[in-house]
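S.K.: In the working numbering, the protein residues as written are 3 to 190.
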């Protein structure tokens, strides 16, 4: 028996360091390793994808949308909604002329973009207000500024619009589930 309560060395086939992470913590998660893969650097990936020290002046020095909330909307519940788009470099002074649209994803070619009726910008947040129409599906949020051009969304920020009155479950796997268990639902 050695570190972490594990049998190590000898004929166990386990190294003396078995169970220790790179920070020398038993069964740890390498929390002391920065995004630069250096132990103790404390560097973190910012919203722009740069690996920097938390107090670096270049931290979040870009304009990038990182998330949307809510990620899905139900037309049967709401007719007018507010969607919060968050990110780095978003402020009234950096994006005074921003406009946003919800574009159908490639799976829904031929559909029109959803119109944003009202838009407001605060530090770190763009609020979009719109009415939900009968155009259901997955939409990508695209924002652009006349002064800065398109706002980066990294891998894309999407919003799903459904109508729960139109959902019909046709099958589920497994057939019996407990709360918190993952499952698949097929429907039309």
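Quick reminder that beta carbons are idealized off the backbone N, C-alpha and C, glycines included.
Ignore the nearest five residues each way along the sequence and tell me which others in residue 175's own chain have a CB closer than 7 Å to its CB.
M.R.: Here residue 175 corresponds to residue number 173 of the chain shown, with the count starting at 1. Within the same chain, residue 175 has close Cβ partners 185 and 186.
S.K.: Is it true that the segment 78-97 meets the segment 132-151, where meeting means three or more beta-carbon pairs spaced less than 8 Å apart?
M.R.: Enough Cβ pairs lie closer than 8 Å, so yes.
S.K.: Quick check on the DSSP output: the beta strand (DSSP E) that includes residue 20 runs from which residue to which?
M.R.: Along the chain shown, read from residue 1 onward, the residue named residue 20 stands at position 18. Neither: residue 20 is in no beta strand (DSSP E) and is coded neither H nor E.
S.K.: Of the residues 117, 43, 65 and 74, which one's Cα is nearest the Cα of residue 165?
M.R.: Working through the chain shown from its first residue, we reach residue 165 at position 163. For the residues 117, 43, 65 and 74, the minimum Cα distance to residue 165 belongs to 74.
S.K.: Note down, in chain order, each residue of its chain lying with its Cβ closer than 8 Å to the Cβ of residue 121, except the 5 sequence neighbours on either side.
M.R.: In the chain shown, residue 121 corresponds to position 119, counting from 1. These residues qualify, in order along the chain: 100, 101, 102, 128, 129, 130 and 131.
S.K.: Since I believe residue 105 is in contact with residue 142 (beta carbons under 8 Å), could you give me their beta-carbon distance rounded to a whole number of angstroms?
M.R.: As a first step, residue 142 must be located in the chain shown, where it is residue number 140. As a first step, residue 105 must be located in the chain shown, where it is residue number 103. Yes, residue 142 and residue 105 are in contact; Cβ-Cβ is about 5 Å, under 8 Å.
S.K.: Taking the C-alpha atoms as reference points, what is the distance between residue 10 and residue 33?
M.R.: In the chain shown, counting from the first residue as 1, residue 10 sits at position 8. In the chain shown, counting from the first residue as 1, residue 33 sits at position 31. Residue 10 and residue 33: Cα-Cα distance of roughly 24 Å.
S.K.: Would you mind reading off the limits of the beta strand (DSSP E) that contains residue 43?
M.R.: For the purposes of this step, residue 43 is identified with residue 41 of the chain shown, where counting begins at 1. Looking at the DSSP string, residue 43 is not in any beta strand (DSSP E), and its letter there is neither H nor E.
S.K.: Roughly how many angstroms separate the alpha carbons of residue 181 and residue 171, rounded to a whole number?
M.R.: As a position in the chain shown, residue 181 is number 179, starting the count at 1. As a position in the chain shown, residue 171 is number 169, starting the count at 1. Taking the straight line from one Cα to the other gives about 18 Å.
S.K.: Leaving out five residues on either side along the sequence, give the residues of the same chain with a beta carbon under 6 Å from the beta carbon of residue 77.
M.R.: Position 75 of the chain shown, counted from the start, is the residue given in the question as residue 77. Counting only Cβ-Cβ distances below 6 Å, and skipping sequence neighbours, we find 134 and 165.
S.K.: Going by beta-carbon coordinates alone, are residue 42 and residue 67 separated by less than 7 Å?
M.R.: Taking the chain shown and counting its residues from 1, one reaches residue 42 at position 40. Taking the chain shown and counting its residues from 1, one reaches residue 67 at position 65. No, Cβ-Cβ distance for residue 42 and residue 67 is not below 7 Å.
S.K.: So, is residue 48 buried or exposed, given that buried needs 16 or more other C-beta atoms within 10 angstroms?
M.R.: For the purposes of this step, residue 48 is taken as the residue at position 46 of the chain shown. Burial call: buried.
S.K.: Going along the chain, which residues of its own chain have a beta-carbon closer than 8 Å to the beta-carbon of residue 6, five neighbours each way excluded?
M.R.: The residue labelled residue 6 in the question sits at position 4 within the chain shown. Result list for residue 6: 20, 21, 22, 28 and 29, in chain order.
S.K.: In or out: residue 12 buried (at least 16 other Cβ within 10 Å) or exposed?
M.R.: Within the chain shown, the letter at position 10 stands for residue 12. Residue 12 comes out exposed.
S.K.: Between the Cα of residue 116 and the Cα atoms of 95, 16, 150 and 145, which residue gives the shortest distance?
M.R.: As a first step, residue 116 must be located in the chain shown, where it is residue number 114. The shortest C-alpha separation from residue 116 is found at 145.
S.K.: Assign residue 177 to one of two classes, buried (16 or more other C-beta atoms within 10 Å of its C-beta) or exposed (fewer than that).
M.R.: One-based indexing of the chain shown puts residue 177 at position 175. It counts as exposed.
S.K.: So residue 75 is in the beta strand (DSSP E); what residue range does that whole segment cover?
M.R.: To locate residue 75, count along the chain shown from 1; it is residue 73. Where residue 75 is concerned, the enclosing beta strand (DSSP E) stretches over 74-76.
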